[in-house]
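Our numbering numbers the first residue of the sequence shown as -14 and each following residue consecutively.
Glycine included, every Cβ here is placed at the ideal spot set by N, Cα and C.
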Amino acid sequence: MVAICLEYVGNQADAIYIYCSYEPEMYYFDVFYKINGKLVYKHKLNDAVEENEKYDTSENRQEAVLDIGIKNLEEIHKKCTEFGHEMPTEIKLIYDVKQNSLKGQYRYDLVYSNDDELLPDDIFDLWFEEVKKSDIEK
-14 MVAICLEYVG NQADAIYIYC SYEPEMYYFD VFYKINGKLV YKHKLNDAVE
36 ENEKYDTSEN RQEAVLDIGI KNLEEIHKKC TEFGHEMPTE IKLIYDVKQN
86 SLKGQYRYDL VYSNDDELLP DDIFDLWFEE VKKSDIEK
């Protein structure tokens, strides 16, 4: 997961924030980045760089990252099942590119599927805002 997200930005990021979820038969994967000290969604990478430095944020590249992330998540689920472990309902990974350090948080309770209003996108956006707020407070 980290590898494809890092490849998407040509290894040029301060940090990568990967969000994964699995709730009854639904996989979700998305990613946002910190680049040049600025937090950005994957489709807004160019907002964090100079005019002469551009990322390819085409829909095809974004879809490829998401597809590979979902496939990775399905593989994790297979391994959990194979070894008799419960699949996490939520995985939040933070990869510090400069320090080559990975931190993760896992949940096993339902996050959104028992709520008529919440979708995985909402949880992802809430995490983005939470990280953004904590960066401002630093």
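Bounding residues of the beta strand (DSSP E) (the contiguous stretch that carries D15): Looking at the DSSP string, the run of the beta strand (DSSP E) that includes D15 is 11 to 20.
#### Entry: Top-ranked residue by Cα proximity to K117, from D32, G89, G69, F17
The shortest Cα separation from K117 among D32, G89, G69, F17 belongs to F17.
>> Can you look up L78 in the DSSP assignment and give me helix, strand or coil?
In response: strand
(message) Relative to the C-alpha of Y40, which candidate in V(-6), E75, M72 has its C-alpha closest?
(response) V(-6)
Excluding the five sequence neighbours on either side, which residues of its own chain have a C-beta within less than 7 Å of the C-beta of S98, listed in chain order? E8, P9
Identified DSSP bridge partners for S6: Y13, E75
Paired residues, beta bridge with R92 - DSSP: E75
Alpha carbon to alpha carbon, what distance is there between V96 and K1? This sequence places Ile at residue 1; Lys is not what is there. Near 22 Å, if we compare the C-alpha coordinates of V96 and I1.
- Going by alpha carbons, who is nearest to K56 out of D120, E122, Y4, Y12? Cα-wise, what sits closest to K56 is Y12.
**Prompt:** Quick one: what's L87 bridged to in DSSP?
**Reply:** Y80
Grab me the residues of E71's own chain with a C-beta within less than 8 Å of its C-beta, minus the 5 sequence neighbours each way, in chain order. C65, Y93
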